[in-house]
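**Q**
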Amino acid sequence: MGDESMTVDRIEPDDALLACTTLEVIDHIDVHLLRTDARRSPQQWAREILENVSATRALSLRAGWTLLGIKLQYGDRDAVAGWSVAHDDAEYIRLQSDSFTGLTGELVTRVTGEGVVFATFVRVDGAVARFLWDRALAAHLMIVATLLAEAGERAS
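Using the numbering used here, you'd call the opening residue of the sequence shown number 120 and step up by one each time.
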């Protein structure tokens with residue numbers, strides 16, 4: 120697929136995607152679809168989206184996650200961009216972390232017939248977590264769409 124036909128759309132979660140999370144309480148979910156023919160495994164896509172980024176983008180991601188109190192494992196080869204790999208198979212990869220502030224996050228990357236689905240599941244526990252997440256949400260949505268578009272461009 121050429122760059123002009125590659126798009127990133129925000130979509131609704133389906134039952135198959137919801138089955139990928141282990142969160143019993145989901146306070147926020149957003150799902151983006153990168154429409155692409157480029158074939159890679161879910162882990163390869165997760166690494167393309169979150170790790171194969173410019174130094175400036177990597178610092179920005181780390182800064183945002185740090186401000187949210189997300190506990191990451193930098194330098195761990197089994198992690199993706201510092202996020203622990205909780206599940207990894209041919210269908211999807213689930214990254215997860217919690218925070219010092221009361222946020223619990225899971226990032227799911229699935230490969231489907233339409234392209235790559237990237238979902239963020241968040242549990243918000245407490246007033247501090249709610250305060251932080253409410254202020255981060257708009258930037259989060261913009262950054263995720265940008266990360267997917269950039270990954271699609273690199274993969275095409």
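C-beta atoms are modelled at their ideal positions from N, C-alpha and C, and glycine is treated no differently.
Quick caveat, the model's predicted, so the values are computed rather than measured.
Let me know if residue 140 comes out buried or exposed under the rule of 16 or more other beta-carbons within 10 Å of its beta-carbon.
**A** Residue 140 is buried by the Cβ-count criterion.
**Q** Would the beta-carbon of residue 211 fall within 8 Å of that of residue 227?
**A** Yes.
**Q** Using 8 Å as the cut-off, can you tell me whether the segment 189 to 199 makes contact with the segment 133 to 148, which would need three or more C-beta pairs spanning the two stretches below that distance?
**A** They do not touch, by the three-pair rule.
**Q** DSSP state of residue 138, grouped into three classes?
**A** Looking at residue 138 - three-state DSSP - the assignment turns out to be coil, as it is neither helix nor strand.
**Q** Please look up how many angstroms separate the CB atoms of residue 230 and residue 184, rounded, as I've assumed it's under 8 Å.
**A** No, residue 230 and residue 184 are not in contact; Cβ-Cβ is about 24 Å, not under 8 Å.
**Q** Are residue 204 and residue 222 closer than 8 Å when you measure CB to CB?
**A** In this structure, residue 222 does not lie closer than 8 Å to residue 204 by Cβ.
**Q** Grouping DSSP H, G and I as helix and E and B as strand, with all else coil, what is residue 225?
**A** Residue 225 falls in the strand class under three-state DSSP.
**Q** What separation, rounded to the nearest whole angstrom, lies between the Cα atoms of residue 130 and residue 196?
**A** Their Cα atoms are separated by approximately 31 Å.
**Q** Classify residue 200 as buried or exposed, calling it buried when 16 or more other Cβ atoms lie within 10 Å of its own Cβ.
**A** It counts as buried.
**Q** Roughly how many angstroms lie between the CA atoms of residue 266 and residue 244, to the nearest whole one?
**A** Cα to Cα, residue 266 sits roughly 27 Å from residue 244.
**Q** The beta strand (DSSP E) spanning residue 234 covers which residue range?
**A** Run containing residue 234: 234 to 243, per the beta strand (DSSP E) assignment.
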